[in-house]
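*Asks:*
Chains as they are written, first to last, in the numbering used here: chain A, 5 to 436; chain B, 5 to 436.
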């Protein structure tokens, strides 16, 4: 074993960073044995130097992250500060000055992964980011490496713990969205500003990363269709339950049937209770991967939190350090297929549509005609009185598979019917 | 991209081998793009040369596997013949003559993995074997690499599809073991001689491999406690259902509470229906991994079959080829902890024991005394008449956690009681 230690710089020392530093200290012998050389924490860049950080020597702490990544003696930079800048500049600067990088930064990778990959390749460094998607769940490495000899056709999963916690509460207790969000906030599952989670931005960033790796092409955050869960109502949950389903916020990346394009999207969807994703509770994450030869694989575990995310970071750290000792690099960007990303209108799926209609004869025939005119085939219809609204009935339509654009056209036309008082909800049905 | 192809020799062309060859041909462009060089099938060693093999040129087929691995121009040998010899000699010969090896051979790795690792290291080659455990499910790579910065404390899973199929049928239909085995055989899930599966040898080999990697020590097949499922009865399944459980054949690898030893075992066990492993149906596999920082992870998918196993082999092939181009090698054996493997008597778990006893007062007191004398604490007791056996009752005892040796002692003493007519079944209870 080499005795000269590999030097690690840590950018960010919040929930994840402090856990990384802690494990590097407490498990130093194990890490050294697995890497083949000791690793040494050589510097920690923080925003607020005053804060006491247990177990981290004050001498190591600096507010000058740029100077730290430019030192020249750093072997690996661990970036856990998040956001686009200064993270991007710090990472590319680290590459220029001899370091490989382990990052947990999903936003940056989804926004501008290509720049990072290119800089890593130019300087012959590693860029690893298992922690960017689904916390401790090994997902990036299985997709980049284990399935490198297979053809992935679909990735479908729950990749945001906050929204899963909220939907699980709504499903279990009948609570409305606001009430469930309040509980998530109180328990620390939702941040003070929950926008990134509840509007689906976080899941969309992960979908972009997963789609790019799974299909060997470039998918950016802007390519991902995104709907959050703020408009999911207690009534939607009840409708789902009536169908033997539950509602989950899903990230779905698919290769088109003809193989010539891909899609990536994040939205709430009904899935049957018999589907393994239906039983993913609280803030857990789970991701299905469908590949041509492997079939259906599922990966499940805690999708966030300091320790689980640190586990993923440290796994990458060991790999990057081993590569460094072998004077090699791991897999870089693989975007050779250059498959275009199709718009949401091209996605083919099923729909659950709930309409408030006039309670009189002929309405169903009118509605059915609109679906037929748009080429959307109906699977089932359920009609029921609405005691609370005199003269109105509720019509719940579940369609066969149809392009999203055809469904949008159908809904637009339905809204124009005199007998349709309102479209109470539209939700996609997945996992069948 | 390099234009000179990497040369691959395939040892064995059965269900898995022919699928590997097929995908290497149909997905040649993808494999080349991902590796950075084309791969070429340079030879296929088979036992019976006469058999027509679709898509494989006759010129490539040979019965002289030794000559093939000695050719000197082979970059990677894929070994899918199974068994100890000639596989072991062929693999070590391949290392000597310049090739790295991808193997699906669980029996050999469990029996003598150390020899293979040592030969690979001596000659600077790679030894990859994702396909040896749980087919297409990425498990070896996540344990060896993703969790390399974490401390794994437990691996618990269903790693044999045949036995899961049999138990699933018994649970679903009330069928007995023989009937369920017949169905498995008819559907191709069980081999003509099912011994390796139903007696737990296959699962035990996988447990040895998983334990060694998870705990960074050496665990051989002989170190694994093993009970098959041939003695599981329809009555056991009913007892399990009555407890809100189902019966699964589990492979369980654990680090002792004090951290100074490990255990590995395979046996039927009751697990609660609420446990995710309870819903693993038919021939699917699923493995739970519990690590200190990551928490509970689960990996699920098809555990066997030509295409899924080929997917795992080809993922390894891509990795080994990349390493070859980079003139590097991936992770080798990691057995630095040298933790000893404790015997089954040291395993601490819970038990479900069904006794046939005399139906008269004082029996429960006698039985309870025997448990107490052996330090086994009782959780619940259920007593019921046995209309089919006059003067007898049935006593079902579920214990708290206790060492297996204490339980064995208890059962031995119970058998000596006059009032105990027989021990109808003993089954461990896991996953709580």
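For each residue, glycine too, the CB sits at the ideal point set by N, CA and C.
#1: I'd like to know if residue 35 of chain A contacts chain B, where contact means its C-beta is closer than 8 Å to some C-beta of that chain.
#2: If I measure Cβ to Cβ from residue 417 of chain A and keep anything under 8 Å in the same chain, skipping five residues before and after, which residues do I get?
#3: Which complete beta strand (DSSP E) runs does the stretch 307-352 of chain B hold, if anything under 3 residues is left out?
#4: Beta carbon of residue 399 of chain A, beta carbon of residue 343 of chain A: below 8 Å?
#5: Spell out the partners DSSP gives residue 396 of chain B in its beta bridges.
#6: Would you list, in chain order, the members of the stretch 353-364 of chain B that have their beta-carbon closer than 8 Å to a beta-carbon of chain A?
#7: With a threshold of 8 Å between beta-carbons, can residue 324 of chain A be considered close to chain C, or not?
#8: When you check each C-beta in the stretch 143-167 of chain B against every C-beta of chain A, which residues fall closer than 8 Å?
#9: Ignore the nearest five residues each way along the sequence and tell me which others in residue 91 of chain A's own chain have a CB closer than 7 Å to its CB.
#10: Our contact map puts residue 239 of chain A next to residue 254 of chain A with C-beta atoms below 8 Å; I'd like the distance itself, whole angstroms only.
#11: Run through DSSP, which three-state label would residue 127 of chain A get?
#12: Consult DSSP for residue 99 of chain A and reduce its assignment to one of helix, strand or coil.
#13: Can you check which of these residues, B:21, B:269, B:367, B:394, is closest to residue 163 of chain B by C-alpha distance?
#14: State yes or no: is the C-beta of residue 75 of chain A within less than 8 Å of the C-beta of residue 17 of chain A?
#15: Is the CB-CB distance between residue 167 of chain B and residue 214 of chain B below 8 Å?
#16: At 7 Å on the CB atoms, spell out the chain B contacts of residue 332 of chain A, in chain order.
#17: Determine, using beta carbons only, whether residue 46 of chain A and residue 66 of chain A come nearer to each other than 8 Å.
#18: Which chain B residues sit within Cβ distance under 9 Å of residue 140 of chain A?
#19: Assuming residue 294 of chain B is part of the alpha helix (DSSP H), what are its boundary residues?
#20: State yes or no: is the C-beta of residue 118 of chain B within less than 8 Å of the C-beta of residue 221 of chain B?
#21: Shorter than 8 Å from the beta carbon of residue 258 of chain B to some beta carbon of chain A?
#22: List, in order along the chain, the chain B residues whose C-beta lies closer than 8 Å to that of residue 31 of chain A?
#23: Below 8 Å, can you find three or more Cβ-Cβ pairs linking the stretch 144-157 of chain B to the stretch 118-130 of chain B?
#24: Can you grab the Cα-Cα spacing for the pair residue 170 of chain A / residue 292 of chain A, in whole Å?
#25: Using a C-beta cutoff of 8 Å, does residue 38 of chain B count as contacting chain A?
#26: Please report the distance separating the alpha-carbon of residue 177 of chain A from that of residue 187 of chain A.
#27: Identify every residue that forms a DSSP beta bridge with residue 85 of chain B.
#28: Name, going along the chain, the residues of the stretch 235-254 of chain A whose beta-carbon falls closer than 7 Å to a beta-carbon of chain B.
#29: Counting Cβ pairs closer than 8 Å, one from the stretch 399-414 of chain A and one from the stretch 17-30 of chain B, do we hit at least three?
#30: Could you compute how far the alpha carbon of residue 252 of chain B sits from the alpha carbon of residue 172 of chain B?
#31: Have a look at residue 346 of chain B and residue 14 of chain B and give me their C-alpha separation to the nearest angstrom.
#32: My output table needs one value for residue 197 of chain B: the three-state DSSP class, helix, strand or coil.
#33: At least one CB of chain B closer than 8 Å to the CB of residue 321 of chain A: is that the case?
#34: What does DSSP give as the partner residue(s) for residue 160 of chain B in the beta ladder?
#35: Does any CB atom of chain A fall closer than 8 Å to the CB of residue 308 of chain B?
#36: Using only the alpha-carbon positions, how far apart do residue 388 of chain B and residue 382 of chain B sit?
*Replies:* This is what the structure holds:
#1: yes
#2: 374, 377, 378
#3: none
#4: no
#5: BP columns for residue 396 of chain B point to B:362.
#6: When CB distances to chain A are screened at a threshold of 8 Å, not a single residue of the stretch 353-364 of chain B falls below it.
#7: The structure shown contains no chain C; the protein chains it does contain are A and B.
#8: 145, 146, 149, 150, 151, 152, 153, 154, 155
#9: 83, 85, 109, 112
#10: At roughly 20 Å, the Cβ-Cβ gap does not stay under 8 Å, so residue 239 of chain A and residue 254 of chain A are not in contact.
#11: helix
#12: helix
#13: Nearest of B:21, B:269, B:367, B:394 to residue 163 of chain B, Cα basis: B:269.
#14: no
#15: no
#16: 330, 332
#17: no
#18: Those within 9 Å of residue 140 of chain A in chain B are 150, 151, 154, 295, 297, 298, 299, 301.
#19: Run containing residue 294 of chain B: none in the alpha helix (DSSP H); it sits in the beta strand (DSSP E), 288-295.
#20: Taking a C-beta distance under 8 Å as the contact criterion, residue 118 of chain B and residue 221 of chain B do not qualify as a contact pair.
#21: no
#22: 153, 155
#23: no
#24: 21 Å
#25: yes
#26: 12 Å
#27: Answer is none; residue 85 of chain B lacks a bridge partner.
#28: none
#29: no
#30: 8 Å
#31: About 38 Å.
#32: coil
#33: yes
#34: B:256, B:292
#35: Among the residues facing chain A, residue 308 of chain B is not included, as its CB has no counterpart in that chain under 8 Å away.
#36: 17 Å
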